[in-house]
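Undergrad: Starting off with a structure, shown below.
2 protein chains.
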Amino acid sequence: MDYKVLAHDSKSKARSGQFHTDRGIINTPIFMPVGTAGTVKAIHQRELYNDIDAEIILGNTYHLYLRPGLDVLQGAGGLHKFINWDRPILTDSGGYQVYSLAENRKISESGVTFSSHVDGSKHNFTPESVIDIQRIIGADIIMAFDECTPFPCDYEYAKKSMDLTHRWLERCCDHFDKTNDTYGFRQSLFPIVQGSVYPDLRKISAEVIASCDRDGNAIGGLSVGEPAEKMYEMTEVVCDILPEDKPRYLMGVGTPENLLECIALGVDMFDCVMPTRNARNGMLFTSEGIINIRNEKWKYDFSPIDNNLEGYVSRNYTKAYLRHLILSKEILGAQIASLQNLSLYLWLIRQSRYNIENGCFSSWKKTMMENVSRRL
Amino acid sequence: MDYKVLAHDSKSKARSGQFHTDRGIINTPIFMPVGTAGTVKAIHQRELYNDIDAEIILGNTYHLYLRPGLDVLQGAGGLHKFINWDRPILTDSGGYQVYSLAENRKISESGVTFSSHVDGSKHNFTPESVIDIQRIIGADIIMAFDECTPFPCDYEYAKKSMDLTHRWLERCCDHFDKTNDTYGFRQSLFPIVQGSVYPDLRKISAEVIASCDRDGNAIGGLSVGEPAEKMYEMTEVVCDILPEDKPRYLMGVGTPENLLECIALGVDMFDCVMPTRNARNGMLFTSEGIINIRNEKWKYDFSPIDNNLEGYVSRNYTKAYLRHLILSKEILGAQIASLQNLSLYLWLIRQSRYNIENGCFSSWKKTMMENVSRRL
Numbered sequence: 024m025d026y027k028v029l030a031h032d033s034k035s036k037a038r039s040g041q042f043h044t045d046r047g048i049i050n051t052p053i054f055m056p057v058g059t060a061g062t063v064k065a066i067h068q069r070e071l072y073n074d075i076d077a078e079i080i081l082g083n084t085y086h087l088y089l090r091p092g093l094d095v096l097q098g099a100g101g102l103h104k105f106i107n108w109d110r111p112i113l114t115d116s117g118g119y120q121v122y123s124l125a126e127n128r129k130i131s132e133s134g135v136t137f138s139s140h141v142d143g144s145k146h147n148f149t150p151e152s153v154i155d156i157q158r159i160i161g162a163d164i165i166m167a168f169d170e171c172t173p174f175p176c177d178y179e180y181a182k183k184s185m186d187l188t189h190r191w192l193e194r195c196c197d198h199f200d201k202t203n204d205t206y207g208f209r210q211s212l213f214p215i216v217q218g219s220v221y222p223d224l225r226k227i228s229a230e231v232i233a234s235c236d237r238d239g240n241a242i243g244g245l246s247v248g249e250p251a252e253k254m255y256e257m258t259e260v261v262c263d264i265l266p267e268d269k270p271r272y273l274m275g276v277g278t279p280e281n282l283l284e285c286i287a288l289g290v291d292m293f294d295c296v297m298p299t300r301n302a303r304n305g306m307l308f309t310s311e312g313i314i315n316i317r318n319e320k321w322k323y324d325f326s327p328i329d330n331n332l333e334g335y336v337s338r339n340y341t342k343a344y345l346r347h348l349i350l351s352k353e354i355l356g357a358q359i360a361s362l363q364n365l366s367l368y369l370w371l372i373r374q375s376r377y378n379i380e381n382g383c384f385s386s387w388k389k390t391m392m393e394n395v396s397r398r399l
Numbered sequence: 024m025d026y027k028v029l030a031h032d033s034k035s036k037a038r039s040g041q042f043h044t045d046r047g048i049i050n051t052p053i054f055m056p057v058g059t060a061g062t063v064k065a066i067h068q069r070e071l072y073n074d075i076d077a078e079i080i081l082g083n084t085y086h087l088y089l090r091p092g093l094d095v096l097q098g099a100g101g102l103h104k105f106i107n108w109d110r111p112i113l114t115d116s117g118g119y120q121v122y123s124l125a126e127n128r129k130i131s132e133s134g135v136t137f138s139s140h141v142d143g144s145k146h147n148f149t150p151e152s153v154i155d156i157q158r159i160i161g162a163d164i165i166m167a168f169d170e171c172t173p174f175p176c177d178y179e180y181a182k183k184s185m186d187l188t189h190r191w192l193e194r195c196c197d198h199f200d201k202t203n204d205t206y207g208f209r210q211s212l213f214p215i216v217q218g219s220v221y222p223d224l225r226k227i228s229a230e231v232i233a234s235c236d237r238d239g240n241a242i243g244g245l246s247v248g249e250p251a252e253k254m255y256e257m258t259e260v261v262c263d264i265l266p267e268d269k270p271r272y273l274m275g276v277g278t279p280e281n282l283l284e285c286i287a288l289g290v291d292m293f294d295c296v297m298p299t300r301n302a303r304n305g306m307l308f309t310s311e312g313i314i315n316i317r318n319e320k321w322k323y324d325f326s327p328i329d330n331n332l333e334g335y336v337s338r339n340y341t342k343a344y345l346r347h348l349i350l351s352k353e354i355l356g357a358q359i360a361s362l363q364n365l366s367l368y369l370w371l372i373r374q375s376r377y378n379i380e381n382g383c384f385s386s387w388k389k390t391m392m393e394n395v396s397r398r399l
């Protein structure tokens, strides 16, 4: 794949760029909606195209491997065909879910054994097998297998885990290079920086990852409960080492504020369940601030959800109606709130690009940070 | 309102017609998607317009009265504005839900007291109050307050209940005629035939209802567990008495087969939760038959859900994908299945109209009955 930086912000490390894949161009900075099990929850694929204009979405290897399973995905001709989505897809390696969802997991040098959270069946992931799985899924960007350390995590464990992740990375790269792209589309492997909240470990890891010379690089193990300041600090340390001419992907981040701060540190790609998960609980991200739509104050508010966005749901449904739907546990409430939040995220990211390219990112960011973090 | 019969089928009592309302023309026969609490579950309003082409939807007085409540609906300027739907809406009287959902209900001559299934709060519905409520909701067609008898129901109770329904009807009509249309749109009151499965009671009730000389007439108390043959028998008895020049609405019916049979008996309007409720459980109605999408046999079926329909979901998602979504309890599964089922119902009803108007309803119905009742 081919990545080109198009513009730099003069007052920060923010940049805009284009990542060319066989399934189309990804303009960076980009936010990738999370489609865990082959669906961005409560969103039709045509809405991803037309309402949100997502340029790339995420899939979860752990979930897809368990359901629908590789035989079904292979039979369909890959995940893209299975779900009817022809733009790029990135899959994580399954590492994070094995630690957060699976039961009875055991980590060893060779890999991880675990029991499915769905039916208790036993499985084994290795650096090689997760490459094979992601080949079969057919993702355009596939992630190396890592151990994602929790927070807090003592220095000794963080170092030991990082070293294991690096050894696994070597095996991932070897196996990736020995295997072929699937379904006629080029696949790229991204290695992942670990090292918890320790700057010296993060530096070591970033150097190892940079030396792999892959199409792009990822920063993992953040947004797992550490203070935002720690996340920014680690991101800065790592971004300063990861090569300038490749996209940098900060995994699992974050709030609209987090996105703006990390774009300023040189991050190009983001994913997070927050816009969709919080939507289902009634938390709305709007261009004017954050709304808990369950609050009594919205009961008689018949104004559109977000008049500054142009999307159907933002303009055509009111806060009072959405409040009613969420309180009544109506599915349409989850649909509307999810579309609103993803629309806001993608709008924010497009605005970031625009302002980077027009040389006014830093001043725009200052105003926008206040807007998007305000509690309405 | 103004109803015109446009065509008669020569071999049955089926007819097509147009019902003119202040919010647009309803072409009959028609099926009305059920929007219980101000939302057709899992369906966006733009999908009701563009995918399903629903000409009228239903709202439930009982649900809407409890949530969001009349103050919110009035504040919004009525249900249409609240939910952003400008075509006709019909509301039931709340009678059926009081019997099926509410707790501690007590029926007396004056009306019904009950406890809310949401929060246990106590409420009172009378023939007069349900007219007032439906005026505030702003439905284009509002229903008289009735007692819907269960099945089985002994003759004595059925007769006693029917007489009460008739006395309540008189009060509904009086109150309706003394009160004004709301929000600048004409409202029509439909009285409801009761009488359980007893032909002589049904005849008496149909005559009483016909004598009210309202804009349309409804048949209630069916599809409550009685055999289909009983339902058809009662429908026939009643249709033969209800005036030819007014629309006949069979409440709560039914399967695609039921619709075709009852159209042949002279019914013009239908509503039922079946297409949406069964969708959420993985039961699909297609132009080629009924599918339980949870079955193993669809696991590797990568054909479109229903190639004979033209809608987005029918053509663009596969059976294998929908099966995966339903088994994984993904919201998108409910969205796709609900759109498919409502698309099928509305397609069937449009096909019925077309075939009535082209003089081939009976032969078309024979083939179609086999198709839609087949288990795939």
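Here the protein sequences come in this chain order: P and E.
Take the first sequence: its letters are residues 24 to 399, numbered as in my numbering.
Take the second sequence: its letters are residues 24 to 399, numbered as in my numbering.
Ideal Cβ positions, reconstructed from N, Cα and C, are used throughout, including at glycine.
With the cut-off set at 9 Å, would you say P/V296 and P/C285 are in Cβ contact?
TA: Taking 9 Å as the Cβ cut-off, P/V296 and P/C285 do not qualify as a contacting pair.
Undergrad: Mind listing the chain P neighbours of E/T62? Cutoff is C-beta to C-beta under 7 Å, in chain order.
TA: Within chain P, the residues near E/T62 are L348, E353 and L355.
Undergrad: Counting contacts by CB-CB distance shorter than 9 Å, is P/T341 in contact with chain E?
TA: Output row for P/T341: interface = yes.
Undergrad: With a CB to CB cut of under 8 Å and the five nearest residues on each side skipped, what residues in its chain are close to P/N107?
TA: Counting only Cβ-Cβ distances below 8 Å, and skipping sequence neighbours, we find Q68.
Undergrad: Report the residue ranges of all alpha helix (DSSP H) runs contained in full by the stretch 247–276 of chain P; include only those spanning at least 4 residues, in chain order.
TA: Whole alpha helix (DSSP H) segments, 4+ residues: 251–262.
Undergrad: Mind listing the chain E neighbours of P/V95? Cutoff is C-beta to C-beta under 8 Å, in chain order.
TA: What P/V95 touches in chain E: K322, Y323, A343 and H347.
Undergrad: Per DSSP, E/Q41 forms a beta bridge with which residues?
TA: E/K27 and E/N50.
Undergrad: Rounded to whole angstroms, what is the Cα-Cα separation between E/P214 and E/G143?
TA: Going from the Cα of E/P214 to the Cα of E/G143 covers about 30 Å.
Undergrad: Taking C-beta pairs closer than 9 Å, name the residues in chain C that P/N107 reaches, listed in chain order.
TA: As a matter of chain content, chain C is missing from the structure shown, whose protein chains are P and E.
Undergrad: Report the option in E/Q217, E/L307, E/Y368 and E/L367 whose CA atom is closest to the CA atom of E/A181.
TA: The candidate whose alpha carbon is nearest that of E/A181 is E/Q217.
Undergrad: Does the beta carbon of P/R225 fall short of 8 Å from some heavy atom of the ligand SAH?
TA: The ligand SAH is not among the ligands present in this structure, which contains no ligands whatsoever.
Undergrad: So, at 8 Å on beta carbons, what are the nonlocal neighbours of E/C235 in its own chain, with the 5 sequence-adjacent residues on each side left out?
TA: Contacts found: L192, C196 and P214.
Undergrad: Helix, strand or coil for E/I66 per DSSP?
TA: The answer is coil: DSSP assigns E/I66 none of H, G, I, E or B.
Undergrad: Taking the straight line between their C-alpha atoms, what separation do you get for E/I242 and E/A343?
TA: Spanning the two alpha carbons is a distance of roughly 40 Å.
Undergrad: Does E/A99 have its Cβ less than 9 Å from a Cβ in chain P?
TA: Chain P contact via Cβ: present.
Undergrad: By the three-class DSSP mapping on this structure, what secondary structure does E/I328 have?
TA: Three-state result, E/I328: coil.
Undergrad: Just how far apart, CA to CA, sit P/F199 and P/T114?
TA: Distance between the alpha carbons of P/F199 and P/T114 is about 14 Å.
Undergrad: If you draw a straight line from the alpha carbon of E/V220 to that of E/R194, how long is it in whole angstroms?
TA: For E/V220 and E/R194, the distance between alpha carbons rounds to 25 Å.
Undergrad: Please report how far the alpha carbon of E/A302 lies from the alpha carbon of P/C176, in whole angstroms.
TA: E/A302 and P/C176: Cα-Cα distance of roughly 46 Å.
Undergrad: Where does P/T309 sit, in a helix, a strand or coil, going by DSSP?
TA: If DSSP states are grouped into helix, strand and coil, P/T309 belongs with the strands.
Undergrad: Based on Cα-Cα distance, which residue from E/E267, E/N394 and E/A360 lies nearest to E/S39?
TA: The candidate whose alpha carbon is nearest that of E/S39 is E/E267.
Undergrad: Could you give the distance in angstroms between the alpha-carbon of E/P298 and the alpha-carbon of E/T390?
TA: Roughly 21 Å between the two C-alpha positions.
Undergrad: Helix, strand or coil for E/T278, going by three-state DSSP, please let me know.
TA: If DSSP states are grouped into helix, strand and coil, E/T278 belongs with coil.
Undergrad: Beta-carbon of P/A65 versus every beta-carbon of chain E: anything under 9 Å?
TA: Yes, P/A65 counts as interfacial toward chain E.
Undergrad: Have a look at E/R225 and P/I349 and give me their C-alpha separation to the nearest angstrom.
TA: The alpha-carbon atoms of E/R225 and P/I349 are separated by roughly 42 Å.
Undergrad: From which residue to which residue does the beta strand (DSSP E) around E/A167 run?
TA: Neither: E/A167 is in no beta strand (DSSP E) and is coded neither H nor E.
Undergrad: For E/R90, which residues in chain P fall below 8 Å Cβ to Cβ?
TA: Under the 8 Å cutoff, chain P gives H347, L350 and S351.
Undergrad: At the 9 Å Cβ level, is E/I359 part of the contact set with chain P, yes or no?
TA: With 9 Å as the cut-off, E/I359 counts as an interface residue toward chain P.
Undergrad: Starting from E/I112, trace the beta strand (DSSP E) in both directions and tell me its first and last residue.
TA: Taken as a continuous stretch (DSSP letters only), the beta strand (DSSP E) holding E/I112 covers I112 to D115.
Undergrad: Note down the Cα distance separating P/E230 from P/L265, rounded to an integer number of angstroms.
TA: The alpha-carbon atoms of P/E230 and P/L265 are separated by roughly 7 Å.
Undergrad: Within 9 Å of any Cβ in chain P, is that where the Cβ of E/Q217 sits?
TA: Chain P contact via Cβ: absent.
Undergrad: P/A125 lies in the alpha helix (DSSP H); which residues open and close that run?
TA: Per DSSP, P/A125 belongs to no alpha helix (DSSP H) and is neither H nor E.
Undergrad: Can you check whether the CB of E/E151 is closer than 9 Å to the CB of E/R190?
TA: For E/R190 and E/E151, no; Cβs fall outside 9 Å.
Undergrad: What residues from the stretch 68–83 of chain P come within 8 Å of chain E, judged by C-beta to C-beta, listed N to C?
TA: Correct list: Q68 and R69.
Undergrad: Can you tell me where the alpha helix (DSSP H) holding E/A60 begins and where it ends?
TA: Counting along the chain, E/A60 falls outside any alpha helix (DSSP H), and DSSP gives it neither H nor E.
Undergrad: Against chain P, does E/V276 count as a neighbour if the rule is that its beta carbon must be under 9 Å from one of theirs?
TA: Output row for E/V276: interface = no.
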